[in-house]
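If you're matching positions, the sequence shown starts at 67 in the working numbering and goes up one per residue. Down below is the structure, laid out as structure tokens.
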Amino acid sequence: LDSYLAGNNEGIDDIAIKEISYNDIGMKNEMFGQNVEYYKIPTAQSQAMVFSSDVENIGILTQTNIALDVVVNDGATNVYTGNSSTLASLVPWTTDSLGFSSGFTPTALGNYTITFNMNQTETDDVPANNSRMKTITVTDTVYALDNDNYQGQWYNQESGPGSSNPFVIGGIYDFYTNDVASSISVY
67 LDSYLAGNNE
77 GIDDIAIKEI
87 SYNDIGMKNE
97 MFGQNVEYYK
107 IPTAQSQAMV
117 FSSDVENIGI
127 LTQTNIALDV
137 VVNDGATNVY
147 TGNSSTLASL
157 VPWTTDSLGF
167 SSGFTPTALG
177 NYTITFNMNQ
187 TETDDVPANN
197 SRMKTITVTD
207 TVYALDNDNY
217 QGQWYNQESG
227 PGSSNPFVIG
237 GIYDFYTNDV
247 ASSISVY
């Protein structure tokens, strides 16, 4: 390799050597919605939030008794606390999912902070990647997907076979009860 690199005026640059953790699970793809996460929800459309997350073993040892814990706080008190079923073991460099069969339905106006936390029997060497927080707002009339981020969740509405216009996009809003839309704003 050295003679090849030297003869071609090439070299290796920016190498980082790191020690891999023995015990490290990482959380990813945490969700509080069945299909779509609404960050602002009108009280009339509030439904049970069913929590889930993927867990990845990014350490070099098998991890055991992995569970997802979720706490929902309304700004004053914890209004929901739940635990998923336990994943008996997860071998290194694999991913599995954890979730709840039932959830929490917010009923009062205001902000709710959802805290997701993964835990396991072993002491995690990198606990910072085991927790995430999301905030939703229950409103009187506002429905929003974007979480104040214009790159929120968007879906191509006409991408199926035989589509006449495969570039039409739009936001999907589920209406669970009859309601009146008094205005629509697009930003």
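Beta carbons: idealized from backbone N, C-alpha and C, even for Gly. Bear in mind the structure is a predicted one, so any value in this text is a computation, not a measurement.
Residues of the same chain with a CB within less than 7 angstroms of the CB of N95, apart from the 5 flanking positions on each side, are S119, D120 in chain order.
Here DSSP, grouped into helix, strand and coil, assigns T109 to helix.
In its chain, beyond the 5 residues on either side, T128, T130 have a beta carbon closer than 6 angstroms to the beta carbon of S155.
A distance below 8 angstroms separates the beta carbons of I91 and N123. For F170, DSSP records a beta bridge to M115. In the three-state scheme derived from DSSP, where H, G and I count as helix and E and B as strand, N244 is classed as coil. Sequence-distant partners of A114 (beyond 5 residues in either direction) whose C-beta falls short of 6 angstroms from its own C-beta, in its chain, are G169, T171. The three-state secondary structure of N144, taken from DSSP, is strand.
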